[in-house]
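Since the structure comes first, as structure tokens, the remarks are kept for the end.
Number of protein chains: 2
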Amino acid sequence: MHEFELIRQAFRRKAPFIHPSTRLSNGDDASVHTLPAACDLVVSSDMSMAGVHWPHDFPLADAACRAVNAALSDLAAMGAEACWLWCCAAVADAQSAEQMGAGIAMALADRDIELAGGDTVHAEINSLSVTVAGMLPKGKAMRRDAACVGDDVWLCGHAGLAAYALQQWQQGNRSQEGIRAFREITPQLDAGIQLREIGVCCCIDVSDGLLADAGHVAAASVVGIEIAVEKVPGFFALCAFLSRNEALELLLSGGEDYALLFTASENLREHLTALATRIGRCTPGSGVKATLDGKNINMIRRGYDHFS
Amino acid sequence: MHEFELIRQAFRRKAPFIHPSTRLSNGDDASVHTLPAACDLVVSSDMSMAGVHWPHDFPLADAACRAVNAALSDLAAMGAEACWLWCCAAVADAQSAEQMGAGIAMALADRDIELAGGDTVHAEINSLSVTVAGMLPKGKAMRRDAACVGDDVWLCGHAGLAAYALQQWQQGNRSQEGIRAFREITPQLDAGIQLREIGVCCCIDVSDGLLADAGHVAAASVVGIEIAVEKVPGFFALCAFLSRNEALELLLSGGEDYALLFTASENLREHLTALATRIGRCTPGSGVKATLDGKNINMIRRGYDHFS
């Protein structure tokens with residue numbers, strides 16, 4: 004089959020939505036878009052690869068859907084409305100292209116997000132590089148460097164459950180229920196927009212692990228962060244299946260649930276309790292401290308590191 | 004070495020330029036940009052891989068530089084000013100990351116283009132997915148579907164020389180002069196902007212091969228295209244080293260010189276002769292016809308197809 008035909012069939016036809024801000028879509032040298040004058044452009048680029056971001060034997064359509072959702076989570080963390088994506092797919096064969104196309108379409112179904120372009124290359128290992136773009140009111144992006152001493156720390160979503168589900172898969176559990184938390188991640192796009200509208204200024208998505216990502220906020224904002232582990236959604240669910248230490252390990256270091264971690268001053272509490280769970284606070288100093296029932300926890304691993 | 008440190012060292016530090024339209028750059032979940040109200044956003048995403056887009060033994064920094072320039076060529080074809088790029092690098096080891104970072108920096112040197120974000124993954128085969136974005140006055144993008152019957156067909160740049168240089172490398176020629184046309188491609192960004200300002204509406208960059216890309220214009224614009232091969236810059240240079248048939252093959256089917264192919268009505272001729280070479284015309288009908296001294300040429304291969 005010819006490259007152009009293959010790309011067209013596997014990707015374009017399955018995701019036909021055109022965003023109203025698009026002047027020229029998929030099929031020219033580039034796509035062209037007109038942004039509303041009151042909006043900033045927000046862009047992020049993420050790469051996911053078989054054997055690194057999902058097991059080689061994991062269903063490829065689910066993996067591709069997950070890769071797109073993971074990329075969209077970065078827009079959620081900024082408080083942006085997601086509008087477009089561009090996918091560069093390295094595919095082992097035509098069947099892989101077909102499955103990746105189906106996964107991308109699954110991620111975009113029922114969302115007003117356009118597949119505006121991309122590229123396809125023949126490779127031994129399947130991978131998907133996803134660039135996502137969206138918009139938000141000028142100057143209103145939530146950032147990592149805007150936490151203040153005294154802020155509450157909140158989590159919208161849960162932690163550790165995706166890592167546990169991936170462990171289940173790796174141990175041979177093929178039940179839909181067992182692996183759902185890894186397979187079906189949801190970028191918190193609506194919640195991100197609501198948080199921004201409420202007045203939240205500091206947010207990050209938890210992709211590297213709760214401690215690692217809280218550490219990024221602490222470093223960028225020059226604050227310390229304390230997290231009360233027993234308050235983190237997911238902890239008691241993990242404790243039902245695992246020892247306390249195993250549960251702590253997954254909760255604090257297992258990334259990829261794509262929850263939103265954010266900070267906000269106390270006076271926003273009443274607006275936030277319906278959206279998220281308060282799990283800690285920002286302190287003077289630096290670094291992240293995790294406690295369980297008031298006692299310090301010492302962790303060694305801090306998030307997933309491809310090169311360690 | 005830790006992933007974050009590796010990425011920071013290899014990529015960010017080497018390309019420190021921040022575009023004046025950027026509010027928040029590399030280092031947060033996403034980058035944030037404010038476009039001038041009179042401008043459209045133009046975006047393209049391209050993937051380049053060792054063993055597909057460059058030989059495995061080709062210097063990696065040169066290959067990465069080439070990959071960025073190839074992606075920027077898509078913005079040139081639209082007539083856009085290039086502003087930002089996001090790079091997803093799959094790297095075999097820290098040395099590869101270092102070399103790719105150097106190559107990206109080489110491509111951006113002396114250009115006002117920002118490395119605004121990206122991702123790095125450990126992989127067996129080096130590859131680089133590059134998303135580029137730029138801007139141009141609203142509604143003024145040059146497109147593939149705007150050629151008219153009677154238009155002249157022009158080429159800004161040359162054809163076939165990059166394919167010949169690649170052949171030289173594959174045959175063991177390691178001289179700088181022999182491989183320069185493959186290694187050092189130049190995206191025609193300034194020329195693209197000039198063409199748009201002169202009033203050119205229809206343009207494509209020649210990445211798949213002269214016949215294949217002229218075919219894209221012909222199909223999108225619903226015209227035929229005739230190309231007089233003896234007028235194409237590069238033909239006589241190739242004939243100095245190769246048989247006539249070999250020269251024709253590389254000229255018409257060897258892509259990756261990243262010239263701009265465009266069409267324009269006769270009344271623009273006097274403005275265009277300093278920028279480009281007139282190589283043919285748009286006719287009623289469909290498809291692309293190549294002639295040499297008035298005689299038809301029959302070609303079988305039509306550009307590079309990863310899956311054929």
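These protein sequences, in sequence, are chains G and A.
Going left to right, the first sequence walks through residues 4 to 311 as the numbering used here numbers them.
Going left to right, the second sequence walks through residues 4 to 311 as the numbering used here numbers them.
In this text, a Cβ means the ideal position worked out from N, Cα and C, and glycines have one as well.
In the DSSP assignment, A:Asn299 falls within the beta strand (DSSP E) that extends over 298-300.
Counting only runs of 4 or more residues that sit fully inside the stretch 247-284 of chain A, the alpha helix (DSSP H) segments are 247-256, 272-275, in chain order. Under a criterion of Cβ atoms nearer than 8 Å, the residues of chain G adjacent to A:Lys141 are, in order, Thr37. The beta carbon of A:Thr134 sits closer than 8 Å to some beta carbon of chain G.
Residue environment for G:Gly257: buried (at least 16 other C-beta atoms within 10 angstroms of its C-beta).
For A:Ala162, there are no C-beta contacts with chain G under 7 Å, since the nearest C-beta of that chain is about 17 Å from it.
Taking C-beta atoms under 8 Å as the contact rule, A:Gly227 and A:Thr286 qualify, at a distance of about 4 Å. At a cut-off of 8 Å between C-beta atoms, G:Val55 counts as an interface residue with respect to chain A. Per DSSP, G:Cys91 lies in no alpha helix (DSSP H); the unbroken beta strand (DSSP E) holding it starts and ends at 84-94. Judged by DSSP secondary structure, G:His219 falls outside any beta strand (DSSP E) and instead within the alpha helix (DSSP H) spanning 213-224. In the structure shown, A:Arg177 falls within a coil segment according to DSSP collapsed to helix, strand and coil.
For G:Gly106, no Cβ of chain A is located within less than 8 Å of the residue's own Cβ. Across the structure, A:Glu233 and A:Ala215 are spaced so that their CA atoms are roughly 18 Å apart. Between the alpha carbons of A:Gly120 and G:Glu273 lies a distance of about 35 Å. For G:Ala40, a Cβ of chain A is located within less than 8 Å of the residue's own Cβ. In this structure, G:Ser268 lies near G:Asp154, with their beta-carbon atoms less than 8 Å apart.
The continuous alpha helix (DSSP H) containing G:Ile107 extends over residues 97-111.
By a beta-carbon distance limit of 8 Å, A:Lys141 contacts G:Thr37. Their separation comes to about 6 Å.
Pairing A:Leu139 with A:Glu84, the inter-Cα distance amounts to about 6 Å. DSSP places A:Ala33 in the coil class of the three-state scheme, outside both helix and strand.
Separation of G:Asp296 and G:Leu255 (C-alpha to C-alpha, rounded to the nearest whole angstrom) is 15 Å. A direct Cα-to-Cα measurement between G:Gln197 and G:Met145 gives close to 11 Å. Your pair A:Leu44 and G:Leu44 checks out as a contact, with CB atoms roughly 6 Å apart and the cut at 8 Å. A:Met81 is the residue among A:Gly283, A:Ala243, A:Gly288, A:Met81 whose C-alpha sits nearest the C-alpha of A:Val46.
A:Met52 has a beta carbon lying within less than 8 Å of a beta carbon in chain G. In this structure, the beta-carbon distance from G:Thr123 to G:Val94 falls below 8 Å.
A:Ile128 reaches chain G at Ala93, Ala126, Glu127, Ile128, counting residues in chain order whose Cβ is nearer than 9 Å. A:Gly121 has a beta carbon lying within less than 8 Å of a beta carbon in chain G.
A check of alpha carbon separations from G:Cys90 across G:Ala40, G:Ser48, G:Glu229 identifies G:Ser48 as the nearest. Rounded to the nearest whole angstrom, the C-alpha separation of G:Ala223 and G:Glu101 is 41 Å.
The shortest C-alpha to C-alpha distance from G:Asp31 to any of A:Ile207, A:Ile107, A:Gln173, A:Ala279 is the one to A:Ile207. Per DSSP, G:Arg26 lies in no alpha helix (DSSP H) segment; the continuous beta strand (DSSP E) that holds it begins and ends at 25-27. Under the 8 Å criterion on CB atoms, G:Asp60 is classed as non-interfacial with respect to chain A. Taking C-beta atoms as the reference points, G:Ser130 and G:Ala53 count as a pair closer than 8 Å. Neighbours of A:Met109 in chain G, taken as residues whose beta carbon is under 7 Å from its own, are absent, since the nearest beta carbon is some 20 Å off. A direct Cα-to-Cα measurement between A:His125 and G:Trp157 gives close to 32 Å.
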